[in-house]
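Note sheet for the following structure.
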Amino acid sequence: MSDEIPVKEIGQLLEDVSEKLPKILNGIMDTLYSAESGRKVGQAVGGFYKELIDSGIPSEDALKMAKDFMFSIKDMANAFGSKTGKSE
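For the sequence shown, my numbering gives the first residue as 397, with consecutive numbering after it.
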């Protein structure tokens, strides 16, 4: 058994990753920031608000909770976007 580090193989792996990863991340970001994605976020936030109201949560509290939910989605997208060079 050899204790040598496979430098050539590691170098090739890093080169492959650095070439392919930006394309993958850009594809994900394009999906996150598409019109369809905006519709889905709106539906999710609206559905969340409706469920809160239907569960008896006062409308003022439900609105705050829905806003917090929306901002958490936005924060996650922005955090991811800052890693790929895209943000709102």
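Beta carbons are placed, not taken as given, at the ideal position from N, Cα and C, and that holds for glycine.
From a predicted model like this one, the values you see are computed outputs, not experimental measurements.
| Item | Value |
| --- | --- |
| Taking Cβ positions, are residue 440 and residue 449 nearer each other than 8 Å? | no |
| Using only the alpha-carbon positions, how far apart do residue 412 and residue 445 sit? | 44 Å |
| Three-state secondary structure (DSSP) at residue 418? | helix |
| Between the C-alpha atoms of residue 415 and residue 423, what's the straight-line distance to the nearest angstrom? | 14 Å |
| Helix, strand or coil: how does DSSP classify residue 407 here? | helix |
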